[in-house]
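Student:
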Amino acid sequence: MVANALLKRISSSYAQTEQWITNLGVVYKMSPLIAVTNQSFSYAFGPSFGFALGARDFARMREIMRKTLFYQSISGLFMWILMNIVINSVCNSLTNSYTPMTDDLTFGFRCYNGMLPLMCCFLCVNDINQLEQKPFKAFIVQINRLFFVVFFEVVLTLGLNDQKGVYYAFLIGDFCSACIGMINFVERYLLYGMVMRGEVDAEYVVGKAKGKKKIEVYEEK
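Going from the sequence shown to the working numbering is simple: count from 1 and add 788.
What follows is the structure, encoded as structure tokens:
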């Protein structure tokens, strides 16, 4: 909604506004299809990590983090390369018959998915915070991506007075979120290592579970 309002403000005609909004809508709809492979690892990461967390098996938790980081990064990189192969064919067609709409779509796809290989830490950290029963921290980490994208959309689109500022905002906003995700990921990984070595108490790292579980023992008479 913010991007559509900004595009409408800087456009010079109704037809141009409709073209820009249409391009942006196509990029929005196609990008989740590309990112779904990257995000699907979260569904495997959550249960495995949660089980190890409940068992206080910090060595297993670190192993899951390493493997998820590796496979998720490879998957994101593969989808990013595949997307660029398709986009390159579109770029070649532009040399024969240039159309502004195709040019905008090509630029939009590249910017919107440019940080895809780096977003794996961001996705993992959000799951880790939720499994550690830290919903507020998970919310803050998750909302920062929206904040950065919207902030740079306003600054770049109005500052450059160009619709490409919206796509630059996706690129820069995702980069900032990826950096925050990587910092948090490394922080948690190192803390789990400190727990394994006995340098930090486990309750300090993962927090205390809310409520107490009553365990009843029945003796055979």
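Here a beta-carbon is modelled for each residue, glycine too, at the ideal position from N, C-alpha and C.
In this text, all values refer to a predicted model and were calculated from it rather than measured experimentally.
Residue 867 by DSSP, collapsed to three states: which one?
Tutor: Here residue 867 sits in helix by DSSP.
Student: Helix, strand or coil for residue 951, going by three-state DSSP, please let me know.
Tutor: In the structure shown, residue 951 adopts coil according to DSSP, grouped into three states.
Student: What is the DSSP secondary structure of residue 843, reduced to helix, strand or coil?
Tutor: coil
Student: Just the C-alpha distance for residue 881 and residue 891, rounded to the nearest angstrom, thanks.
Tutor: 10 Å
Student: Please confirm whether residue 969 and residue 927 have their CB atoms less than 8 Å apart.
Tutor: no
Student: Quick check: what's the CA-CA separation for residue 905 versus residue 877?
Tutor: 21 Å
Student: Just to confirm, is the Cβ distance from residue 959 to residue 841 under 8 Å?
Tutor: no
Student: According to DSSP, simplified to helix, strand and coil, what is residue 985?
Tutor: coil
Student: Given 8 Å as the limit, is there contact between the stretch 960-979 and the stretch 935-944, that is, 3 or more CB pairs closer than that?
Tutor: yes
Student: From which residue to which residue does the alpha helix (DSSP H) around residue 795 run?
Tutor: 790-798
Student: Within a Cβ cutoff of 8 Å, which residues of the same chain sit near residue 795, ignoring the five residues on either side of it in sequence?
Tutor: 805, 808, 809, 812, 945, 951, 954
Student: Candidates 871, 855, 847: which alpha carbon is nearest residue 978's?
Tutor: Closest option to residue 978, Cα to Cα, is 847.
Student: Going by C-alpha to C-alpha distance, which of 851, 844, 802, 948 sits closest to residue 993?
Tutor: 844
Student: Which same chain residues end up closer than 6 Å to residue 783 when comparing Cβ atoms and leaving out the 5 residues on each side of it in sequence?
Tutor: No answer is possible for residue 783: the residues shown for the chain start at 789 and end at 1009.
Student: How big is the Cα-Cα spacing for residue 999 and residue 917?
Tutor: Because residue 999 carries a pLDDT of 38, less than 50, the predicted location of this residue cannot be relied on, and the following value inherits that uncertainty. C-alpha of residue 999 to C-alpha of residue 917: approximately 18 Å in a straight line.
Student: Using the C-alpha atoms, what's the distance from residue 859 back to residue 868?
Tutor: 14 Å
Student: Report the start-end ranges of each alpha helix (DSSP H) in the stretch 871-951 that is 4 residues or longer and not cut off at the edges.
Tutor: Uninterrupted alpha helix (DSSP H) stretches at least 4 residues long and entirely within the stretch 871-951 occur at 888-900, 908-919, 923-948, given in chain order.
Student: For residue 987, does the count of other Cβ atoms within 10 angstroms reach 16, so buried, or fall short, so exposed?
Tutor: exposed
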